[in-house]
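Here's the structure, in structure tokens; my notes come after.
Numbering (the working numbering), first residue to last: 1242 to 1484.
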């Protein structure tokens, strides 16, 4: 891919998040970056707000899913839409405003010069981070390193990353996760597929009144099952019985 054919788009999955969407879209519009906003079956209030936000930003496209399928379902839908719109890369940005958008330019520069790589963020936290999130993240990253037999991926949970669309779409049929377990799942499967990884820092803040859809028990159980499944697959891959 030549630098002239690099066509990135921002991909924002949203479920009942509308409070900071205009702020996100304003910042991305200032970068002249197109946006695909995926409404993952939000309630009527949020849906109306997303309609207004998308209509008032010239480079924003709104995709609406009929029912809530989870973050992973929204990202997958957005990736297929991005491919149909002839974009080459999608930078995934969470709708809750936790990520510092000052990192967008750096991430896209990395993707432009390494077009086949997954550019994955690793969080640089301030004092607002809950300790439970830190511990859970460390455990997930430990199992990702075990299951990929590599430390190439610094953080598997960060939702701020650039997907190379041509390399990602062939992997999607093997991805069964659709909720908070999607981010580590797709990252591991891209590594298994031989996609190189570039790790870049992004500052993360947890707003005092921010809305999170992470459900401690159920999502941690999903992620635990994911690690167990990946571990079994890793063993089968070592024996030449799985791809």
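Note that the Cβ used here is the ideal one computed from N, Cα and C, for glycine as well.
Locate the alpha helix (DSSP H) running through residue 1422, then write down its first and last residues.
Residue mapping note: residue 1422 aligns to position 181 of the chain shown, counting from 1. Premise fails: residue 1422 is in no alpha helix (DSSP H) and is neither H nor E.
Distance, Cα to Cα, residue 1443 vs residue 1360?
Here residue 1443 corresponds to residue number 202 of the chain shown, with the count starting at 1. Here residue 1360 corresponds to residue number 119 of the chain shown, with the count starting at 1. Rounded to whole angstroms, residue 1443 to residue 1360 spans 11 Å at the Cα level.
When the distance is taken between beta carbons, is residue 1337 closer than 7 Å to residue 1258?
Numbered from 1 along the chain shown, position 17 holds the residue referred to as residue 1258. Numbered from 1 along the chain shown, position 96 holds the residue referred to as residue 1337. Taking 7 Å as the Cβ cut-off, residue 1258 and residue 1337 qualify as a contacting pair.
To which residues does DSSP link residue 1281 through a beta bridge?
For the purposes of this step, residue 1281 is taken as residue 40 along the chain shown, with counting starting at 1. Per DSSP, 1306.
Where are the alpha helix (DSSP H) runs, 4 residues long or more, that stay fully inside the region 1379-1412, in chain order?
Taking only runs of at least 4 residues, the alpha helix (DSSP H) segments lying wholly in the region 1379-1412 are 1406-1409.
Pull up the distance between the alpha-carbon of residue 1260 and that of residue 1392, whole angstroms please.
Sequence index remark: in the chain shown, residue 1260 carries index 19 (1-based). Sequence index remark: in the chain shown, residue 1392 carries index 151 (1-based). In a straight line, the C-alpha of residue 1260 is about 36 Å away from that of residue 1392.
Using only CA atoms, which one of 1367, 1381 and 1291 lies nearest to residue 1460?
Position 219 of the chain shown, counted from the start, is the residue given in the question as residue 1460. Nearest of 1367, 1381 and 1291 to residue 1460, Cα basis: 1381.
Return yes when the Cβ of residue 1394 is within less than 7 Å of the Cβ of residue 1428, no when it is not.
As a position in the chain shown, residue 1428 is number 187, starting the count at 1. As a position in the chain shown, residue 1394 is number 153, starting the count at 1. The answer is yes: Cβ separation under 7 Å.
Looking only at C-alpha atoms, which of 1302, 1397 and 1289 sits nearest to residue 1266?
Along the chain shown, read from residue 1 onward, the residue named residue 1266 stands at position 25. Considering only alpha carbons, the answer is 1302.
For residue 1253, I'd like the list of residues in its chain whose CB is within less than 6 Å of its CB, leaving aside the five on either flank, ordered along the chain.
To locate residue 1253, count along the chain shown from 1; it is residue 12. Within the same chain, residue 1253 has close Cβ partners 1278, 1334 and 1336.
Using a Cβ-Cβ cut-off of 8 Å (strictly less than) and excluding sequence neighbours within five positions of residue 1290, which residues of its own chain qualify?
Working through the chain shown from its first residue, we reach residue 1290 at position 49. Excluding residues within five positions, the ones whose Cβ falls inside 8 Å are 1259 and 1262.
Can you check DSSP and say which residues form a bridge with residue 1301?
If you number the chain shown from 1, residue 1301 lands on position 60. Paired residue(s): 1276.
Would the region 1424-1441 count as touching the region 1318-1331 if we require 3 or more Cβ pairs under 8 Å?
Short answer: they don't touch.
Taking the alpha helix (DSSP H) that residue 1258 falls in, what are its first and last residues?
Within the chain shown, residue 1258 is the residue found at index 17, counting from 1. Run containing residue 1258: none; DSSP gives neither H nor E here.
Please identify the residue among 1286, 1385 and 1403 whose C-alpha is closest to the C-alpha of residue 1353.
As a working mapping, residue 1353 is identified with position 112 in the chain shown. Nearest of 1286, 1385 and 1403 to residue 1353, Cα basis: 1403.
My output table needs one value for residue 1322: the three-state DSSP class, helix, strand or coil.
Position 81 of the chain shown, counted from the start, is the residue given in the question as residue 1322. Correct three-state label for residue 1322: helix.
Please state the DSSP three-state secondary structure of residue 1444.
As a first step, residue 1444 must be located in the chain shown, where it is residue number 203. Correct three-state label for residue 1444: strand.
If you follow the alpha helix (DSSP H) that residue 1351 is in, where does it begin and where does it stop?
The count along the chain shown starts at 1 and reaches residue 1351 at position 110. Here the alpha helix (DSSP H) through residue 1351 covers 1345-1354.
Excluding the 5 residues flanking residue 1434 on each side, which residues of the same chain have their C-beta closer than 6 Å to its C-beta?
For the purposes of this step, residue 1434 is taken as the residue at position 193 of the chain shown. Once the five neighbours on either side are set aside, the close Cβ partners of residue 1434 are 1412.
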